[in-house]
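The next block holds one structure in the form of structure tokens; read it before the comments.
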Amino acid sequence: METKKLVSRSDYLLSGGLEELHQESKEWLETIAFLKDETRFFEKLLAGRVVETYPDNAYSRILKQMDQVHKMLFEYLSEEIIRHEKLLSRINKREPGISDYNYREQHRKLKGKIELFLNDFREFKKMVFGYAKKW
Numbered sequence: 024m025e026t027k028k029l030v031s032r033s034d035y036l037l038s039g040g041l042e043e044l045h046q047e048s049k050e051w052l053e054t055i056a057f058l059k060d061e062t063r064f065f066e067k068l069l070a071g072r073v074v075e076t077y078p079d080n081a082y083s084r085i086l087k088q089m090d091q092v093h094k095m096l097f098e099y100l101s102e103e104i105i106r107h108e109k110l111l112s113r114i115n116k117r118e119p120g121i122s123d124y125n126y127r128e129q130h131r132k133l134k135g136k137i138e139l140f141l142n143d144f145r146e147f148k149k150m151v152f153g154y155a156k157k158w
């Protein structure tokens, strides 16, 4: 009996046209912008309540620190995606020494970073909401 490997959306995109990869990069930037807004909401949610209710709570300080880390990661990932898109622009201009293989490989690695970050951010959100429910 033969086992067939299912083709994931990621595999399909990486073997597809550069336009699909460009579109995915744009979606990443939109997602990061949305998560930045969510982070601002979490910051406001935590800021008022933490000082009033639990002035010396270590857990609240940890959540604030995680919030700061996420903000830095937003910037780092956004900058990396923009650099990635600039590489695509150079490919489209047919600059010598640049291949779309490099872009695809970079895209694959960046996709892994984005997925890992999104999973971590989901866990962060669970912590924030779990903490907020205790009020």
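Following this note's numbering, the numbering of the sequence shown begins with 24 at its first residue and continues without gaps. Cβ coordinates follow ideal geometry from the N, Cα and C atoms, glycine included.
1. Would DSSP call K157 helix, strand or coil?
2. Going by the CB atoms, is the gap between H107 and H93 shorter than 8 Å?
3. Would you mind sorting I105 into buried or exposed? The rule is 16 or more other CB atoms within 10 Å of its CB.
4. Could you check which residue in G153, F144, A155 has the C-alpha nearest to that of D14?
5. Can you give me the Cβ contacts of A81 inside the same chain, cut-off strictly under 6 Å, excluding the 5 residues immediately before and after it?
6. Quick one: grab the DSSP three-state call for K148.
7. With DSSP collapsed to three states, give me the class of G40.
8. Using the Cβ count rule (16 or more neighbours within 10 Å means buried), how would you classify F152?
9. Kindly indicate which residue of S48, R63, T54, E103 has the alpha-carbon position closest to the one of L86.
Short version:
1. coil
2. no
3. exposed
4. Coverage of the chain is limited to positions 24 through 158, which leaves residue 14 absent and any answer about it impossible.
5. none
6. helix
7. coil
8. exposed
9. R63
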